[in-house]
Amino acid sequence: MAESFAAARSIILDNVSPLESESVDLFAAVGRVLVEKIPAPWDMPRWDNSEMDGFAARVADCQLFARLKVDGYLPAETPAVDVAVKPGTAVRIMTGAPIPTGCDAIVPIENTDPGKESVVIQKLVQIGDYIRFRGSDISKDEMLLPLGTILRPVDINLLAAFSRTTVQVCRCPEVAILSTGDELVAPGEPTGSGQIIDSNAYSLAAAIREIGATPKILGIAQDNRESLEEKISQGLNADVLITSAGVSAGDRDLVREILEEAGVKQLFWKVAIKPGGPTAFGLKGDKAVFSLPGNPVSSMIGFAMLVRPALLKMMGHSEVIRPLIKATLKAPLHNKTNKTRFLRVKVEQTSAGLLAESAGDQNTGILSTMIRANAIAVLSAEQTELLVGEQVDIQWLDSCI
Ligand code: AMP
Ligand code: MG
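When the letters of the sequence shown are read in order and numbered with the working numbering, they come out as residues 237 to 637.
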């Protein structure tokens with residue numbers, strides 16, 4: 237019996253867990269999931285400092301058109317505050333320089349008539365003006381980022397600003413990819429009649445790399461025991477093994493049998509989805525094994541719907557399923573199967589909202605429809621016919637599924 241789509245995805249997600257943490261160089265941490273609590277080691281800013289180039293002054297001295305003697309200069313790199321603002325004087329100060337004693341406001345240079353010896357105040361200031369106070373951004377011991385943050389460039393800036401050069405993140409899985417079939421030849425090799433170029437290894441590797449996991453190409457296994465046994469045992473050294481083809485009902489479809497002999501416990505085989513139906517999932521210890529159909533469209537959609545969420549979970553992500561959003565149909569869509577149907581659609585953002593239509597021939601052998609699509613419409617078994625103007629659930633596709 238085929239599993240429903242929802243059941244198959246739950247079985248997969250219930251059986252994979254986030255991998256352990258590892259320390260990575262901050263330069264390589266973008267996109268990784270933070271697993272470390274990082275309290276701020278000090279206040280930010282670390283000391284009261286000037287927000288503007290101008291004059292550090294005492295508000296009490298700064299009547300309109302008051303002339304103050306310029307007594308001292310504080311460039312940004314001033315190490316410590318050994319300068320004081322004496323009554324009736326002002327200290328020339330640069331952005332970022334520590335606030336000297338006695339100063340209770342900065343008068344920006346553009347609000348003065350500045351001279352070498354003296355400065356005339358041309359706009360009133362209030363206590364605290366243009367001073368960035370110690371800890372006003374982040375206070376010491378405050379948690380810098382929530383656990384589970386997917387590190388963005390701005391988060392990396394924050395960590396670097398607190399002098400971090402490494403960070404603890406969730407490890408990304410190594411994902412072995414095995415293409416199977418006597419008819420396959422690698423891209424770039426000479427092809428004879430009846431031979432098919434192994435494009436799946438490339439699309440799967442690209443989709444794995446796109447989310448930040450590491451693909452490991454095992455090459456092509458022939459449809460015979462020896463070849464499959466050797467490649468499958470190599471593949472089981474990785475965190476995840478994905479096989480493509482060889483799990484349908486054909487005579488030479490030995491993949492499931494050999495996986496079982498290699499100690500992989502099959503949790504399901506066949507899902508009530510189209511495309512992607514002949515998909516199997518199994519476990520050997522904590523290693524996950526996915527067997528996807530050979531048809532390129534089916535293998536890509538099977539990856540997007542069933543494998544990608546599992547890899548994201550292993551990488552520490554909490555949002556692992558692409559959200560379903562509503563679009564309005566510009567042309568009818570049909571589901572003539574009694575399965576969950578994934579249709580390749582083109583979705584346009586318009587002033588009337590999202591408008592969807594089929595991206596072309598939905599036969600799973602047609603790759604160009606996949607190329608034109610920017611989303612997948614998900615129709616339940618009950619949604620046999622959706623008419624123009626009706627709403628359909630769609631899921632965006634990334635650049636390469
Ligand atoms: P199968 O799942 O073995 O019945 O294969 C279904 C279809 O997918 C056949 O036309 C295969 O030639 C094709 N196919 C299988 N493996 C690959 C692959 N790695 N790359 C591209 N096409 C493939
Ligand atoms: Mg085959």
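Glycine is no exception: its CB is placed at the ideal position from the N, C-alpha and C atoms.
Going by DSSP, what residue range makes up the alpha helix (DSSP H) through S415? For S415, there is no enclosing alpha helix (DSSP H); the residue is part of the beta strand (DSSP E) that begins and ends at E410 to T416.
Neighbourhood of L262 by C-beta, 8 Å cutoff - its chain only, sequence neighbours within 5 removed: I392, L395, A396, R400, T401, T402 and V403
Tell me C406's beta-bridge partners as DSSP assigns them. S257
Just reading off the beta strand (DSSP E) that K352 is part of, what are its end residues? Per DSSP, K352 belongs to no beta strand (DSSP E) and is neither H nor E.
Would the segment 612 to 622 count as touching the segment 542 to 551 if we require 3 or more Cβ pairs under 8 Å? no
Output yes or no for whether 8 Å exceeds the beta carbon distance between G482 and D489. When the beta-carbon positions are compared, G482 and D489 come within less than 8 Å of each other.
C-beta contact flag for P529 and G538 at 8 Å: yes
According to DSSP, is S594 helix, strand or coil? strand
For E465, name the three-state secondary structure that DSSP assigns. helix
Nearest-angstrom Cα distance between G471 and S594? 37 Å
Compare the beta carbon distance of I345 and D307 with 8 Å and say whether it is the shorter of the two. no
At what residues does the beta strand (DSSP E) containing R580 begin and finish? Start and end: T576 to T586.
Provide the residue(s) that pair with Y219 in DSSP beta bridges, ordered along the chain. Here the chain has residues from 237 to 637 only, and residue 219 is not among them.
Inter-stretch contact at 8 Å, needing at least 3 Cβ pairs: the segment 358 to 365 / the segment 280 to 295: yes
Could you tell me which residues DSSP pairs with L519 in its beta bridges? Partner(s): K501 and A524.
Is the segment 403 to 421 touching the segment 449 to 457, taking contact as three or more C-beta pairs under 8 Å? Taking a cut-off of 8 Å on C-beta distances, the segment 403 to 421 touches the segment 449 to 457, as three or more cross pairs fall below it.
C-alpha distance - M504 paired with R492, whole-angstrom precision: Correcting the residue type first, residue 504 is Phe in the shown sequence and not Met. Approximately 11 Å between the Cα atoms of the pair.
Could you work out which residue in A563, N285, K562 and P514 is closest to K600 when comparing CA atoms only? It should be noted that the sequence gives Thr, not Lys, for residue 600. Comparing Cα-Cα distances from T600 to each of A563, N285, K562 and P514, the minimum goes to P514.
Entirely within the segment 280 to 308 and at least 4 residues each: give me those alpha helix (DSSP H) ranges in chain order. none
CA-to-CA distance, A524 to N460, given in whole angstroms: 23 Å
How would you write the range of the alpha helix (DSSP H) that K549 sits in, first residue to last? R544 to M550
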